[in-house]
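Going letter by letter, the sequence shown gives residues 902 to 1357 in my numbering.
Every residue, glycine too, gets a C-beta built ideally from N, C-alpha and C.
Structure first, commentary second.
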Amino acid sequence: MSNFAINMKNFSKNNYYRDLIKLGIPIIIGQLGTIVLGFADTLMIGHHGTEDLAAAGLVNNVFNLVLLFYLGFSYGLIPLVGNLYGRGKHQEIGQKVKNSLLANFLIGLLLMLVMTIVYFNLENMGQPKELLSLIRPYFIVNVISLPFIGLFNGLKQFFDGITHAKVSMWVMIIANLLNILFNGLLIYGYAGFPELGLLGAGIATLGSRVFMGIALLCILLGSRKFAIYKQGLMQGIINRKDMKDLNALGWPIALQLGMETAAFALSCIMVGWIGTTALAAHQIMVTIGQLFCLILSGVATAASIRISVFYGQNNYSAVIENAKDCFRLELIIATIIAIPVIIFRNQIGGCFTNNTEVQHMVSIVIFTLIAYQFGDGLQYTYANALRGIACVRPMVLYAFIAYFVISLPLGYLLGIHLKFDLVGIWTAFPISLSVAGIQYYLRFKKEMNLKMAQGY
């Protein structure tokens, strides 16, 4: 058994917090890189032309749901890796990774098929015909990149699961820098490269995704530090049990994340019914909310990894303490971020637009964003805690209740029917997120009470 696995049984309270932060920071930085990349892409494409930006917006909105679903499926590997890591069964981890890569590849082929069907129906989706010539090649390049995203996702969950999150963090940072560099070369045609506009951005993104997947694979196969995992990968066999376990864990997580994302996307459509000003304010709110989300989800993902390790050791008291400490840490972080947001609420909108109506709307709605941090922290913590103990199937029903039974109807009732507009739609978020979090918490508590009652 590794030193890490042995020592984790005897951690003090301070060490719980310290190690959550230590493991969470690389994950947060990696997620921040994704946001920076999206911002850079939007900025560089926007300066090339308005039509390019509009076409990119359509394709990216479609693919964001696909990518989050794909990411969710790959999360199924974390509890399996963490459980084995906690018991020191490193070679078996390599076999799990081998099966995970195949499972991710097959899901990637399925998603490619779905997106190909969407591609051939683009002109039937009511989009401006003048944009189709830009949308089609950009769409194809994104479809081609899906298997490489699956390769990266699978290997990232492996490295995160054995607490080497810095590996994928550095690969992500380098890939982002390469993407920005080749965006400049291929969008604008610098240094003798052809000026390809939006297609150039797509090719740069494809290249960065290929790099990320191949780089992690080379590190796994080439580094002596991971030789034991390489041995398991090379000697392990593709088998029905591992594939069944990965699908049993991956699909519920993918559906849970997909429903959460879809609910926010459908809420955006309702905001569009209110008007352009509300839509602009909504976009600013979403951008600010991403800052909270990437930090809260990063810490919760770290908790999921640590919980899976403790769970593999049958150290259930440590599992419970880690979940509690994660939620406390989430509240502390959210409070620290919320203070300057509230203080400068009247100035935040001005950073994005000169429109005073939008600025005023943001200064009012910002309070609902602060309010939902409690529910968001709760649902991030206990959704990841349930993933850590491999209890994911019930989350699909809980997510459906929170986001489709409560959030969307309540948002419509308050925002559209009762005409509270953007404030009404955003008021539904803290309520639905809290409902999701409470359901996840109660299920986690039930599962752990059963384990503790068995005498562990």
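A straight line joining the alpha-carbon of Ile1234 with that of Gly1289 spans about 22 Å.
Note on Leu1343: under 16 other CB atoms within 10 angstroms of its CB, so exposed under the neighbour-count rule.
Straight through space, the alpha carbons of Tyr1281 and Ala1203 are spaced by roughly 11 Å. The Cβ atoms of Val1242 and Ile1267 lie closer than 8 Å to each other. Assignment of Phe1321 by DSSP, reduced to helix, strand and coil, places it in the coil class. In this structure, DSSP gives Ser1046 a state outside helix and strand, which the three-state scheme calls coil.
Below 8 Å, too few C-beta pairs join the stretch 994-1001 and the stretch 1159-1177 to call them touching: fewer than three. Short of 7 Å from the beta carbon of Ile928, and not among the five residues preceding or following it, lie these beta carbons of its own chain, in chain order: Asp1061, Ala1066, Gly1199, Thr1202 and Ala1203. Below 8 Å, too few C-beta pairs join the stretch 1071-1089 and the stretch 1214-1232 to call them touching: fewer than three. Note that the stretch 1321-1334 does not touch the stretch 1015-1032; fewer than 3 beta-carbon pairs, one per stretch, sit closer than 8 Å.
When secondary structure is reduced to three states using DSSP, Ile1081 falls in the helix class. Out of Leu972, Ile946 and Asp920, the CA that lies nearest to the CA of Gly1159 is found in Leu972.
Take Phe974, set aside five residues on each side of it, and the residues of its chain with a beta-carbon closer than 6 Å to its own are Ile1008, Gly1151 and Ala1155, in chain order.
When the Cα atoms are used, Gly987 and Cys1194 turn out to be separated by approximately 28 Å. Residue environment: Ala1354 is assigned as exposed (fewer than 16 neighbouring CB atoms within 10 Å of its CB, all protein chains considered).
Between the alpha carbons of Val1111 and Gly1101 lies a gap of roughly 15 Å. Between Leu969 and the set Asp942, Asn1215 and Leu1012, the nearest pair of CA atoms involves Leu1012. Gly983 is positioned such that its CB atom lies closer than 8 Å to that of Ile1206.
Look at Phe1059 here: in three-state DSSP terms it is helix. Under the three-state reduction of DSSP output, Ser1264 falls in the helix class. In this structure, Gly1098 sits near His949, with a CB-CB distance shorter than 8 Å.
In this chain, the alpha helix (DSSP H) harbouring Tyr1299 covers Arg1294 to Phe1301. Of Asn1000, Ala1303 and Tyr918, the smallest CA-CA separation from Gln1136 is found for Asn1000. For Met1171, the closest alpha carbon among the candidates Asp1226, Ser1308 and Ala1128 is that of Ser1308.
For Tyr1217 and Asp953, the gap between their C-alpha atoms comes out near 53 Å. In this structure, the CA atom of Val1072 is about 11 Å from the CA atom of Leu1056. Excluding sequence positions up to five before and after Phe1330, its CB lies within less than 6 Å of the CB of Tyr1273, all in the same chain and listed in chain order.
Cys1169 and Val1187 have their C-alpha atoms some 10 Å from each other. For Asp1146, the CB contacts under 7 Å within the same chain, skipping 5 residues up- and downstream, are Leu981 in chain order. In the displayed model, Arg988 falls within coil according to three-state DSSP, outside both helix and strand. Shown here for Gly1108: same chain residues with a beta carbon closer than 8 Å to its own, the five before and five after excluded, namely Leu1079, Asn1080 and Phe1083 in chain order. Between the alpha carbons of Val1044 and Ala1116 lies a gap of roughly 20 Å. At a Cβ-Cβ threshold of 8 Å, Leu959 and Ala1163 do not count as neighbours. Taking 8 Å as the upper bound for CB-CB distance, Phe1006 and Pro1048 are in contact here, some 6 Å apart. DSSP, reduced to helix, strand and coil, places Asn1022 outside both helices and strands of the structure shown, so it counts as coil.
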